[in-house]
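**Student:** Before I ask anything, here is the structure I am working with.
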Amino acid sequence: AQSVTQLGSHVSVSEGALVLLRCNYSSSVPPYLFWYVQYPNQGLQLLLKYTSAATLVKGINGFEAEFKKSETSFHLTKPSAHMSDAAEYFCAVSVPRGGSEKLVFGKGTKLTVNP
Amino acid sequence: DTAVSQTPKYLVTQMGNDKSIKCEQNLGHDTMYWYKQDSKKFLKIMFSYNNKELIINETVPNRFSPKSPDKAHLNLHINSLELGDSAVYFCASSQGPRNLFFGEGSRLTVL
Numbered sequence: 001a002q003s004v005t006q007l008g009s010h011v012s013v014s015e016g017a018l019v020l021l022r023c024n025y026s027s028s029v030p031p032y033l034f035w036y037v038q039y040p041n042q043g044l045q046l047l048l049k050y051t052s053a054a055t056l057v058k059g060i061n062g063f064e065a066e067f068k069k070s071e072t073s074f075h076l077t078k079p080s081a082h083m084s085d086a087a088e089y090f091c092a093v094s095v096p097r098g099g100s101e102k103l104v105f106g107k108g109t110k111l112t113v114n115p
Numbered sequence: 116d117t118a119v120s121q122t123p124k125y126l127v128t129q130m131g132n133d134k135s136i137k138c139e140q141n142l143g144h145d146t147m148y149w150y151k152q153d154s155k156k157f158l159k160i161m162f163s164y165n166n167k168e169l170i171i172n173e174t175v176p177n178r179f180s181p182k183s184p185d186k187a188h189l190n191l192h193i194n195s196l197e198l199g200d201s202a203v204y205f206c207a208s209s210q211g212p213r214n215l216f217f218g219e220g221s222r223l224t225v226l
């Protein structure tokens, strides 16, 4: 069964430092993978997605993620953290379900950015 | 114009009551969803409708009944509310399964 595991429920970085949020997937078929961001008291917003095209995916707000099949990983990075990046980040995989598909989410990683 | 709008944003009620949450999307999408986010922020799909037809029902108790009067609306009715139903409920829509647009959530508190 397809699933994702996010390593680290909390990540804390200094403003200007590299952001690295880890996601590993398990899938018996080529996966479609996503990163979503949730700001406090808001819904989820799509950051980026991997749909079997380029392995390095660029998203909004300067984030990018690299699909590595050999490592079954899809880690999210940003070269320089900004205070406004503080939020909860969710990795997700698209899973076939009864002729349709559904998103299965990881448990989330809360990013704190310190001044 | 909000793309996916949910009402109410906050709902506080007693155990045993019945309540509804409404969702509307103005994106012209064919598919709509309900997700539940628990107190630990874990997100799980509950239902999915495509063009008013139920396509995913993720072993949700019968007390939860979704209704889609048209493809722009997906409402969630919950009977006999229990403490464990306290959560944030998110509506989402998509054209195809891989680009979901989420509403801002409806926070349900059952006392």
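These protein sequences, in sequence, are chains A and B.
Here the first sequence stands for residues 1 to 115, where the numbers follow the working numbering.
Here the second sequence stands for residues 116 to 226, where the numbers follow the working numbering.
For each residue, glycine too, the CB sits at the ideal point set by N, CA and C.
Owing to the predicted nature of the structure, the values given are computational and were not obtained by experimental measurement.
1. Could you check where the beta strand (DSSP E) with B/L198 kicks off and where it finishes?
2. Are there 16 or more other CB atoms within 10 angstroms of the CB of B/L189, so buried, or fewer, so exposed?
3. Put B/N194 into one of helix, strand or coil per three-state DSSP.
4. Just how far apart, CA to CA, sit A/F90 and A/R22?
5. Hey, does A/T51 have any beta-carbon neighbour from chain B nearer than 8 Å?
6. Does the region 147–158 of chain B come close enough to the region 177–196 of chain B to have 3 or more Cβ pairs within less than 8 Å?
7. Give a yes or no on whether the minimum CB-CB distance between A/K107 and chain B is below 8 Å.
8. Look up B/S163 in the DSSP assignment and say whether it is helix, strand or coil.
9. In chain A, which residues lie less than 9 Å from B/I160 when you measure between Cβ atoms?
10. Between the region 152–161 of chain B and the region 94–113 of chain A, do at least 3 Cβ pairs fall closer than 8 Å?
11. Run through the region 2–29 of chain A for me and flag every whole beta strand (DSSP E) of 3 or more residues, listed as ranges in chain order.
12. Is B/S221 buried or exposed, if buried means 16 or more other CB atoms sit within 10 Å of its CB?
13. Please identify, using Cβ separations under 7 Å, the residues of the region 195–210 of chain B that lie next to chain A, in order along the chain.
14. Quick check on DSSP: helix, strand or coil for B/Q145?
15. Just checking my contact of B/K137 with B/T122 at CB under 8 Å: how many whole Å lie between their CB atoms?
16. Specify, as a first and last residue, the run of the beta strand (DSSP E) that A/N114 falls within.
17. Can you give me the Cβ contacts of B/L191 inside the same chain, cut-off strictly under 6 Å, excluding the 5 residues immediately before and after it?
18. With 9 Å as the limit, tell me which residues of the region 31–47 of chain A have their beta carbon closer than that to any beta carbon of chain B; keep them in chain order.
19. Which residues bound the beta strand (DSSP E) around B/E219?
20. Using a beta-carbon distance cut-off of less than 9 Å, what residues from the region 72–93 of chain A approach chain B?
21. Could you give the C-beta distance for B/R178 and B/S195, rounded to a whole number, given that I count them as a contact under 8 Å?
**Tutor:** For this structure:
1. Indexing the second sequence from 1 puts residue 198 of chain B at position 83. Counting along the chain, B/L198 falls outside any beta strand (DSSP E), and DSSP gives it neither H nor E.
2. What you label residue 189 of chain B is simply residue 74 of the second sequence in a count that begins at 1. B/L189 should be labelled buried.
3. What you label residue 194 of chain B is simply residue 79 of the second sequence in a count that begins at 1. Of the three classes helix, strand and coil, the one that applies to B/N194 here is coil, per DSSP.
4. Against the first sequence, residue 90 of chain A aligns to sequence position 90. Against the first sequence, residue 22 of chain A aligns to sequence position 22. C-alpha separation (whole angstroms): 10 Å.
5. Walking along the first sequence from the start, residue 51 of chain A turns up at place 51. With 8 Å as the cut-off, A/T51 counts as an interface residue toward chain B.
6. Contact between the region 147–158 of chain B and the region 177–196 of chain B is present, because at least three Cβ pairs lie under 8 Å.
7. Stepping through the first sequence from its first residue, residue 107 of chain A is reached at position 107. Yes, A/K107 counts as interfacial toward chain B.
8. Position 48 of the second sequence, counted from the first residue, corresponds to residue 163 of chain B. Strand, per DSSP.
9. Taking the first residue of the second sequence as 1, we reach residue 160 of chain B at position 45. Residues of chain A passing the Cβ test: R97, K102, L103, V104 and F105.
10. Touching, per the Cβ criterion.
11. Runs of the beta strand (DSSP E) inside the region 2–29 of chain A: 3–7, 10–14 and 19–26.
12. Taking the first residue of the second sequence as 1, we reach residue 221 of chain B at position 106. B/S221 is buried by the Cβ-count criterion.
13. Residues of the region 195–210 of chain B with a C-beta atom less than 7 Å from some C-beta of chain A are F205, listed in chain order.
14. Translated into positions along the second sequence, residue 145 of chain B becomes position 30. The question names Gln, but residue 145 of chain B in the sequence shown is Asp. If DSSP states are grouped into helix, strand and coil, B/D145 belongs with coil.
15. As a working mapping, residue 137 of chain B is identified with position 22 in the second sequence. As a working mapping, residue 122 of chain B is identified with position 7 in the second sequence. That belief holds up - the Cβ atoms of B/K137 and B/T122 are roughly 5 Å apart, short of 8 Å.
16. Against the first sequence, residue 114 of chain A aligns to sequence position 114. Taken as a continuous stretch (DSSP letters only), the beta strand (DSSP E) holding A/N114 covers T109 to N114.
17. Position 76 of the second sequence holds residue 191 of chain B. Scanning its chain for C-beta atoms nearer than 6 Å, with the 5 sequence neighbours on each side dropped, one finds around B/L191 the residues I136, W149 and P181, in chain order.
18. Against chain B - using a Cβ distance shorter than 9 Å - the residues of the region 31–47 of chain A are Y32, F34, Y36, Q38, N41, Q42, G43, L44, Q45 and L46.
19. Numbered from its first residue, the second sequence carries residue 219 of chain B at position 104. Neither: B/E219 is in no beta strand (DSSP E) and is coded neither H nor E.
20. Using a CB distance below 9 Å, the part of the region 72–93 of chain A facing chain B consists of E88, F90 and A92, ordered along the chain.
21. Taking the second sequence and counting its residues from 1, the one referred to as residue 178 of chain B is at position 63. Taking the second sequence and counting its residues from 1, the one referred to as residue 195 of chain B is at position 80. About 5 Å separates the Cβ atoms of B/R178 and B/S195, confirming a contact at the 8 Å cut-off.
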